[in-house]
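**Student:**
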Amino acid sequence: MRSVATKLRQLTWGGGLWLLVCLAGPAALAQGLPPELASVWRSTRLPESALSLYVKEVGTSQPMILVNPTEPRNPASVMKTVTTWAGLSGLGSDYVWRTTMLARGGGRVDAQGTLSGPLYLKAGGDPFLTMQDLWGLLRQLRLRGIKNLTEVVVDRSLFGAVTIDPGAFDGAPDRPYNASPDAMMVGLGALRLIFQPDAAARKWIPVIDPPLRGVRVEGEIAWKDAVCPGSPSVSTQVVPSGNEFIIRVAGAAVGSCGEFSDYRVAFSQKAYFEGLFRMLWKELGGTLAKGVTEGRTPANATPVVWHDSRTLGDIIRYINKHSNNVMARTLLLTLGAQQTGPGATPASGAAAALGLLQSQGVDTRGWVIDNGAGLSRSSRLTAAGLGSMLDVAWLSPMMPEFISSLAIIGVDGTVRRRLRNDDAQGRAHLKTGTLRDAKALAGYVMGASGKRYILVKFVNGERAVAGGRAFDDALVSWLAER
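Residue numbers (the working numbering): 286 to 767.
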């Protein structure tokens with residue numbers, strides 16, 4: 286991969302293209318966009334300086350369109366393409382996260398089923414560990430005759446100080462996209478609020494899953510009779526109240542729509558895990574004397590049971606197709622831990638990713654990876670640099686795994702509703718990104734001729750979101766027709 290990537294870098298940033306970029310300056314837009322796209326861009330009423338665009342046919346050295354290609358821009362969630370490619374190429378598509386329960390003496394129990402010494406839980410940073418997976422681990426303990434635990438010690442040392450304030454980014458701490466990463470995370474730390482229909486009473490019955498202590502529901506959803514118009518429009522908000530959390534609900538829902546759900550974050554990851562562990566262990570007939578604490582796993586502790594996650598090749602599909610922020614953060618931390626050792630932080634993860642990409646010949650000048658998810662005001666990429674990374678990925682043996690992680694236009698993921706009635710449907714694998722003042726798009730488009738095109742587009746500034754979608758669709762359609 287290194288020799289191909291090095292050649293690519295020489296072609297991309299060698300004399301010809303670099304001179305073209307430098308000489309083009311403010312006139313790059315007029316020289317870069319074909320007339321039909323230029324007219325769509327003008328209709329956005331956004332300034333030329335807000336746009337960065339890089340379009341190139343795969344396997345060629347000369348880009349087709351260049352607009353401000355070396356200007357660092359906020360890529361929003363398109364940053365996830367960097368994190369997932371760095372993770373895939375640095376860890377391998379078959380990489381798995383292991384969560385292990387250990388004990389001294391290999392799990393000796395007395396006649397009453399009491400474990401000798403603490404149960405140590407070595408957190409592996411699994412970004413997709415579910416409640417069912419944790420239940421399965423605990424059930425394996427019960428099958429080994431372990432019933433009574435004195436103490437559970439959770440070892441989160443794989444990651445350093447990574448806990449974030451979930452309300453810091455946009456003041457919405459209960460939204461799952463703001464959840465904090467954690468080495469021992471279950472179900473992304475989110476509660477599922479289920480609304481079950483009671484047609485006879487014309488009421489919606491709220492159910493919290495998992496039913497942890499310290500959280501309850503207030504308010505109600507009004508019942509309406511009509512043909513289901515689509516997803517119910519209700520509001521749910523988590524409000525701290527003393528030592529508990531109240532989920533306030535409001536709005537109305539049509540009974541014919543049937544059961545529906547919403548997800549909210551109330552507890553910290555550590556509190557959520559402890560509450561869930563206690564609940565599941567009790568349901569399995571186990572007892573816990575002292576509680577759940579933090580600590581390190583001693584060298585003489587041996588594994589009793591463990592769980593291996595889905596492969597990284599599977600995980601990146603969740604990250605890119607559904608733009609999962611906390612899973613992207615966790616992957617960046619995992620890369621940092623594997624490259625530089627335990628105690629990983631976003632900074633060490635970003636350094637590991639940048640070093641890996643630079644070794645592949647990707648030009649990362651001006652890049653700021655930050656948390657790896659793109660949920661950031663300080664993240665920066667360049668269109669030309671990301672374009673070169675997508676070229677490196679295309680030339681890699683892991684190309685199929687990477688491309689399959691991207692959403693398919695008009696089919697699935699974040700672009701499932703885009704261009705459904707257009708010839709472009711199914712012909713583009715893309716990652717979208719949207720923040721208050723940033724809109725981005727990147728990926729691959731297959732033209733009618735069978736040629737494949739690399740596309741990277743960033744728009745930053747006021748009205749970036751309002752004016753960006755029509756141009757995005759026109760750009761994808763234009764490439765799909767070629």
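Ideal Cβ positions, reconstructed from N, Cα and C, are used throughout, including at glycine.
1) Grab the span of the beta strand (DSSP E) containing proline 482 for me, first residue to last.
2) Quick check on glycine 504: does DSSP put it in helix, strand or coil?
3) Return the chain-ordered list of same chain residues with a C-beta closer than 8 angstroms to the C-beta of aspartate 722, the five sequence neighbours on each side being excluded.
4) When burial is assigned at 16 or more other CB atoms within 10 Å of the CB, is glutamate 568 buried or exposed?
5) Could you tell me the alpha carbon to alpha carbon distance between asparagine 528 and glutamate 579, rounded to whole angstroms?
6) Express the C-alpha separation of serine 520 and aspartate 483 in angstroms, rounding to a whole number.
7) Just the C-alpha distance for phenylalanine 480 and valine 677, rounded to the nearest angstrom, thanks.
8) Which ranges would you report for the beta strand (DSSP E) in the segment 401-487 if only whole runs of at least 3 residues count?
9) Strictly by DSSP, which residues pair up with tyrosine 339?
10) Looking at alanine 637: is its Cβ nearer than 9 angstroms to the Cβ of alanine 446?
11) Could you spell out where the beta strand (DSSP E) holding tyrosine 380 opens and where it closes?
12) Is the CB-CB distance between alanine 709 and glutamate 766 below 9 angstroms?
13) Would proline 412 pass as a contact of leucine 616 if the rule is Cβ separation under 9 angstroms?
14) Can you give me the start and stop residues for the beta strand (DSSP E) that methionine 731 sits inside?
15) In chain order, what residues of the same chain lie with their CB nearer than 8 angstroms to the CB of methionine 612, ignoring the 5 residues before and after it?
16) Assuming contact is defined by CB atoms lying nearer than 9 angstroms, are alanine 622 and serine 608 in contact in what I supplied?
17) Check whether the Cβ atoms of serine 594 and threonine 384 lie closer than 9 angstroms to each other.
18) So isoleucine 694 packs on glycine 718, CB below 8 angstroms; how close in whole Å?
19) Out of curiosity, what's the CA-to-CA distance linking valine 394 and threonine 582?
20) So valine 500 and leucine 476 are supposed to be a Cβ contact under 8 angstroms. How far apart are they, rounded?
21) Whose C-beta lies closer than 8 angstroms to the C-beta of glycine 398 among residues of the same chain, with five residues either side of it excluded?
22) Whole angstroms are fine: how far does the CA of valine 741 sit from the CA of proline 311?
23) With DSSP as the reference, label tryptophan 763 as helix, strand or coil.
24) Taking aspartate 455 as the reference, give the member of Met683, Leu443, Gly732, Leu660 with the closest Cα.
25) Opposite threonine 572 in the DSSP bridges: which residues?
26) Does the beta-carbon of aspartate 450 have 16 or more other beta-carbons within 10 angstroms, so that it is buried, or is it exposed?
27) Roughly how many angstroms lie between the CA atoms of threonine 369 and tryptophan 508, to the nearest whole one?
28) Do you know how far the Cα of alanine 538 is from the Cα of valine 512?
29) Residue range of the beta strand (DSSP E) that glutamine 522 falls in?
30) Kindly identify the DSSP beta-bridge partner or partners of valine 492.
31) From which residue to which residue does the alpha helix (DSSP H) around threonine 615 run?
32) To the nearest angstrom, how far is it from the Cα of isoleucine 506 to the Cα of glycine 752?
33) Does the distance from the C-beta atom of proline 517 to that of glycine 504 stay below 9 angstroms?
34) Counting C-beta neighbours from all protein chains within 10 Å, is the total for valine 534 16 or more, i.e. buried, or is it exposed?
35) The alpha helix (DSSP H) with arginine 327 in it runs from where to where?
36) Over what stretch of residues does the beta strand (DSSP E) that includes proline 588 continue unbroken?
**Tutor:** Based on what the coordinates show:
1) Counted from its first residue, the sequence shown places residue 482 at position 197. Per DSSP, proline 482 belongs to the beta strand (DSSP E) from 476-483.
2) Looking up residue 504 in the sequence shown gives position 219. In this structure, glycine 504 counts as strand in the three-state DSSP scheme.
3) As a first step, residue 722 must be located in the sequence shown, where it is residue number 437. Contacts found: Asn359, Asn745, Gly746, Glu747, Ala749, Val750.
4) Counting from one through the sequence shown, the residue named residue 568 turns up at place 283. In the assembly as shown, glutamate 568 is an exposed residue. Its beta-carbon has fewer than 16 other beta-carbons within 10 Å.
5) In the sequence shown, counting from the first residue as 1, residue 528 sits at position 243. In the sequence shown, counting from the first residue as 1, residue 579 sits at position 294. Here the C-alpha atom of asparagine 528 lies approximately 21 angstroms from the C-alpha atom of glutamate 579.
6) Here residue 483 refers to the residue found at position 198 when the sequence shown is read from its first residue. Here residue 520 refers to the residue found at position 235 when the sequence shown is read from its first residue. Answer to the nearest angstrom: the Cα atoms are 19 angstroms apart.
7) Residue numbering aside, residue 480 sits at position 195 when the sequence shown is read from its first letter. Residue numbering aside, residue 677 sits at position 392 when the sequence shown is read from its first letter. The alpha-carbon atoms of phenylalanine 480 and valine 677 are separated by roughly 47 angstroms.
8) 404-407, 437-440, 476-483, all fully within the segment 401-487.
9) Here residue 339 refers to the residue found at position 54 of the sequence shown. According to the DSSP secondary-structure assignment, tyrosine 339 is paired through a beta bridge with Leu351, Val741.
10) Counting from 1 along the sequence shown, the entry for residue 637 is found at position 352. Counting from 1 along the sequence shown, the entry for residue 446 is found at position 161. Not closer than 9 angstroms, so no.
11) Mapped onto the sequence shown, residue 380 falls at position 95. Taken as a continuous stretch (DSSP letters only), tyrosine 380 belongs to no beta strand (DSSP E), as it is neither H nor E.
12) Position 424 of the sequence shown holds residue 709. Position 481 of the sequence shown holds residue 766. Cβ distance < 9 angstroms, so alanine 709 and glutamate 766 count as in contact.
13) Locating residue 412 in the sequence shown gives position 127, where the first residue counts as 1. Locating residue 616 in the sequence shown gives position 331, where the first residue counts as 1. Yes, the Cβ-Cβ distance between proline 412 and leucine 616 is below 9 angstroms.
14) Taking the first residue of the sequence shown as position 1, residue 731 is located at position 446. Residues 723-731.
15) Within the sequence shown, the letter at position 327 stands for residue 612. Pro412, Phe413, Leu473, Ile600, Tyr603, Ile604.
16) By one-based count along the sequence shown, residue 622 stands at place 337. By one-based count along the sequence shown, residue 608 stands at place 323. Going by beta carbons, alanine 622 and serine 608 fall outside the 9 angstroms limit.
17) The count along the sequence shown starts at 1 and reaches residue 594 at position 309. The count along the sequence shown starts at 1 and reaches residue 384 at position 99. Their beta carbons are under 9 angstroms apart, which means serine 594 touches threonine 384 by this criterion.
18) Mapped onto the sequence shown, residue 694 falls at position 409. Mapped onto the sequence shown, residue 718 falls at position 433. Rounded, the Cβ-Cβ distance is 15 angstroms, inconsistent with contact.
19) In the sequence shown, the residue the question calls residue 394 occupies position 109. In the sequence shown, the residue the question calls residue 582 occupies position 297. The straight-line gap from Cα to Cα measures roughly 19 angstroms.
20) For the purposes of this step, residue 500 is taken as residue 215 along the sequence shown, with counting starting at 1. For the purposes of this step, residue 476 is taken as residue 191 along the sequence shown, with counting starting at 1. In this structure valine 500 is in contact with leucine 476, their Cβ atoms being roughly 7 angstroms apart against a cut-off of 8 angstroms.
21) Against the sequence shown, residue 398 aligns to sequence position 113. Answer for glycine 398: Gly430, Ile431, Lys432, Asn433, listed in chain order.
22) One-based indexing of the sequence shown puts residue 311 at position 26. One-based indexing of the sequence shown puts residue 741 at position 456. At proline 311, the pLDDT of 37 sits below 50, so the modelled position is not reliable and the matter cannot be decided from this model.
23) As a working note, residue 763 is residue 478 in the sequence shown. Tryptophan 763: helix per DSSP, three-state reduction.
24) Reading the sequence shown from its first residue, position 170 is the one you call residue 455. The candidate whose alpha carbon is nearest that of aspartate 455 is Leu660.
25) Position 287 of the sequence shown, counting from 1, holds the residue named residue 572. Asn433, per the DSSP bridge assignment.
26) As a working note, residue 450 is residue 165 in the sequence shown. Aspartate 450 should be labelled exposed.
27) In the sequence shown, the residue the question calls residue 369 occupies position 84. In the sequence shown, the residue the question calls residue 508 occupies position 223. Just so you know, the alpha carbons of threonine 369 and tryptophan 508 end up roughly 43 angstroms apart.
28) Position 227 of the sequence shown, counted from the first residue, corresponds to residue 512. Position 253 of the sequence shown, counted from the first residue, corresponds to residue 538. Their Cα atoms are separated by approximately 11 angstroms.
29) Here residue 522 refers to the residue found at position 237 when the sequence shown is read from its first residue. Here the beta strand (DSSP E) through glutamine 522 covers 518-526.
30) To locate residue 492, count along the sequence shown from 1; it is residue 207. DSSP lists Ile479 as the beta-bridge partner residues of valine 492.
31) Here residue 615 corresponds to residue number 330 of the sequence shown, with the count starting at 1. 610-625 is the span of the alpha helix (DSSP H), which, as asked, contains threonine 615.
32) Reading the sequence shown from its first residue, position 221 is the one you call residue 506. Reading the sequence shown from its first residue, position 467 is the one you call residue 752. Each residue's alpha carbon lies about 35 angstroms from the other.
33) Position 232 of the sequence shown, counted from the start, is the residue given in the question as residue 517. Position 219 of the sequence shown, counted from the start, is the residue given in the question as residue 504. No, Cβ-Cβ distance for proline 517 and glycine 504 is not below 9 angstroms.
34) Along the sequence shown, one-based indexing puts residue 534 at 249. By the C-beta density criterion, valine 534 is buried, having at least 16 other C-beta atoms within 10 angstroms.
35) Position 42 of the sequence shown, counted from the start, is the residue given in the question as residue 327. Taken as a continuous stretch (DSSP letters only), the alpha helix (DSSP H) holding arginine 327 covers 320-328.
36) Locating residue 588 in the sequence shown gives position 303, counting from the first residue. Start and end: 586-593.
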